[in-house]
Amino acid sequence: MSYTEVPGARVPIRMWTDPATVEDVAMQQLRNVSTLPWIKGLAVMPDVHFGKGATVGSVIAMEGAVCPAAVGVDIGCGMSAVKTSLTANDLPGDLSRLRSKIEEAIPVGFSMHDSPVDPRRLHGLPTAGWDDFWGRFDGVAEAVKFRQDRALKQMGSLGGGNHFVEFCLDESGSVWLMLHSGSRNIGKELAEYHIGEARKLPHNQGLVDRDLAVFVADTPQMAAYRHDLFWAQEYARHNREIMMALFKDVVRKEFKKAKPMFEQTISCHHNYVSEERYEGMDLLVTRKGAIRAGGGEYGIIPGSMGTGSYIVRGLGNEASFNSASHGAGRRMSRNQAKKRFSERDLAEQTRGVECRKDRGVVDEIPAAYKPIEQVMDQQRDLVEVVAKLKQVVCVKG
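full-length UniProt numbering puts the first residue of the sequence shown at 1, with every later residue one more than the last.
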């Protein structure tokens with residue numbers, strides 16, 4: 001489908017979904033975003049839903065300003081995937097051992113490594129710039145510096161919620177490794193600190209929604225936020241790189257006889273800010289629950305833990321600011337899902353997938369998400385499908 005335009009205060013709201021299907025609270029959030037004095041464009045992806053601070057599935061283009069709540073608290077959250085030389089024929093009948101080995105190698109939930117992972121000891125992981133990256137931690141907000149030890153030990157760990165590590169098959173039977181995570185607790189702490197700072201600024205006092213407080217260009221507050229934002233985005237990228245290296249090591253050991261090889265990793269953020277140029281303007285483009293889908297650029301759009309995921313190639317649609325959805329998108333809150341569904345429902349909806357099926361992950365049940373096929377159909381003018389994946393192992397925190 002092409003987009004539908006809904007009137008907004010300063011810019012139209014371009015929606016790659018039927019506006020009538022979007023929750024009233026999410027539509028109100030979008031209307032509020034359209035009132036911001038600095039806004040130059042607003043695109044809404046088909047996985048749109050109400051979010052804390054700002055709408056999930058929104059792409060906000062502003063000139064000379066950025067809204068930290070519109071990035072979200074998991075700065076740099078995103079996906080990584082890599083195709084392997086393994087096929088379905090290489091897999092054992094029982095995948096529980098493989099799942100256990102992944103969980104041993106990659107801490108999940110609130111867990112972290114006992115000591116920081118040294119990337120120099122991981123097979124094939126580029127380490128150029130590693131010392132410089134950690135050196136720049138000295139410049140982050142003073143209020144968050146005490147978290148450095150935790151940040152070091154959480155590097156290369158999954159977290160909880162909708163984050164996952166998956167072992168997948170594509171339609172030809174090839175094995176893919178895929179994972180979803182972000183900047184862990186350090187990203188959350190930095191985001192919450194800066195959201196609080198933005199709320200105090202005089203130019204934000206008259207906004208219709210204080211959650212949309214912004215930093216503006218050429219101010220010390222903006223400079224401080226940009227430093228911490230881009231550092232946290234880099235942390236998230238390194239976090240996924242280390243997890244993928246640990247995941248590959250597990251696969252090498254478990255499938256030693258098959259001597260697995262790995263293609264180039266595809267990686268993309270979906271909660272982040274990027275400096276981009278549109279219609280002659282240098283803009284700060286915030287994607288919260290959206291990936292960049294520039295012409296020919298690869299991306300990953302996951303479904304839920306019992307459905308499938310897609311490797312895509314961007315079509316470079318500038319009406320969406322070269323963006324696409326970040327996944328299926330929730331259609332009910334975590335609390336609603338826990339009330340409505342049981343462990344039996346979860347087991348039924350994840351049949352054939354080696355994964356947790358206990359009460360602790362019922363809020364991640366596939367029925368709590370929009371149908372991924374419908375979401376993909378609504379963005380045919382944004383991306384083309386390269387591969388469709390189906391998980392056979394899913395690790396969650």
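Here a beta-carbon is modelled for each residue, glycine too, at the ideal position from N, C-alpha and C.
Scanning the stretch 161-213 from its first residue to its last, the whole alpha helix (DSSP H) runs of 4-plus residues come out as 184-200. In this structure, 87 is the residue among 193, 159 and 87 with its C-alpha nearest to the C-alpha of residue 172. Within its own chain, the residues whose Cβ lies closer than 6 Å to the Cβ of residue 372, once the five positions on either side in sequence are excluded, are 303, 307 and 328, listed in chain order. By the Cβ rule, the stretch 121-138 does not count as touching the stretch 84-99, because fewer than three pairs are nearer than 8 Å. At the C-beta level, residue 365 and residue 326 stay beyond 8 Å of one another. The DSSP-derived three-state label of residue 218 is coil. Note on residue 89: under 16 other CB atoms within 10 angstroms of its CB, so exposed under the neighbour-count rule. In the structure shown, residue 157 adopts coil according to DSSP, grouped into three states. Given a length threshold of 4 residues, each whole run of the alpha helix (DSSP H) inside the stretch 340-372 is given here in chain order: 343-349. Residue 78 carries a strand assignment under DSSP once its states are collapsed to helix, strand and coil. Between the stretch 62-82 and the stretch 34-41 there are three or more C-beta pairs closer than 8 Å, enough to call the two in contact. Taking residue 269 as the centre and dropping the five residues before and after it, the same chain places the C-beta of 76 and 78 closer than 6 Å to its C-beta, in chain order. By the CB criterion at 8 Å, residue 392 and residue 167 fall inside the cutoff. Shown here, residue 311 sits in a strand according to DSSP, grouped into three states.
Residue 184 places its beta carbon 8 Å or farther from that of residue 271.
Residue 70 and residue 158 have their alpha carbons spaced roughly 23 Å apart. Contact annotation: residue 18 and residue 188 have beta-carbon atoms that are not nearer than 8 Å.
In this structure, DSSP gives residue 84 an extended state, which the three-state scheme calls strand.
Boundaries around residue 105 are those of the alpha helix (DSSP H), 96-105, since no beta strand (DSSP E) includes it. When the beta-carbon positions are compared, residue 186 and residue 235 come within less than 8 Å of each other.
Straight-line spacing of the CA atoms in residue 12 and residue 106 works out to 44 Å. The stretch 102-121 makes no contact with the stretch 211-222; the number of CB pairs closer than 8 Å stays below 3. Annotation: residue 287 is outside any alpha helix (DSSP H); the continuous beta strand (DSSP E) that includes it extends over 281-288. Relative to residue 152, the option among 330, 117, 142 and 343 whose CA is nearest is 117. A distance below 8 Å between beta-carbons, with the five flanking residues on each side excluded, links residue 140 to the following residues of its chain, in chain order: 190, 227, 228 and 231. Beta-carbon to beta-carbon, residue 54 and residue 67 are separated by about 7 Å, close enough to satisfy the 8 Å threshold. A Cβ-Cβ distance of about 26 Å is found for the pair residue 273 and residue 384, leaving them out of contact under the 8 Å criterion.
A straight line joining the alpha-carbon of residue 10 with that of residue 264 spans about 42 Å. Ranking 176, 206, 347 and 36 by CA distance to the CA of residue 388 puts 176 first.
If you look at residue 332, you'll find it isn't in any beta strand (DSSP E); DSSP assigns it neither H nor E.
Close CB contacts of residue 375 within its chain, under the 7 Å cut and outside five residues either way in sequence, are with 46, 47, 325, 328 and 329 (chain order). In this structure, DSSP gives residue 4 an extended state, which the three-state scheme calls strand. By DSSP's assignment, residue 61 forms a beta bridge with 41 and 285. The C-alpha of residue 245 is placed about 16 Å away from the C-alpha of residue 256.
According to the DSSP assignment, residue 389 belongs to the beta strand (DSSP E) that extends over 383-396.
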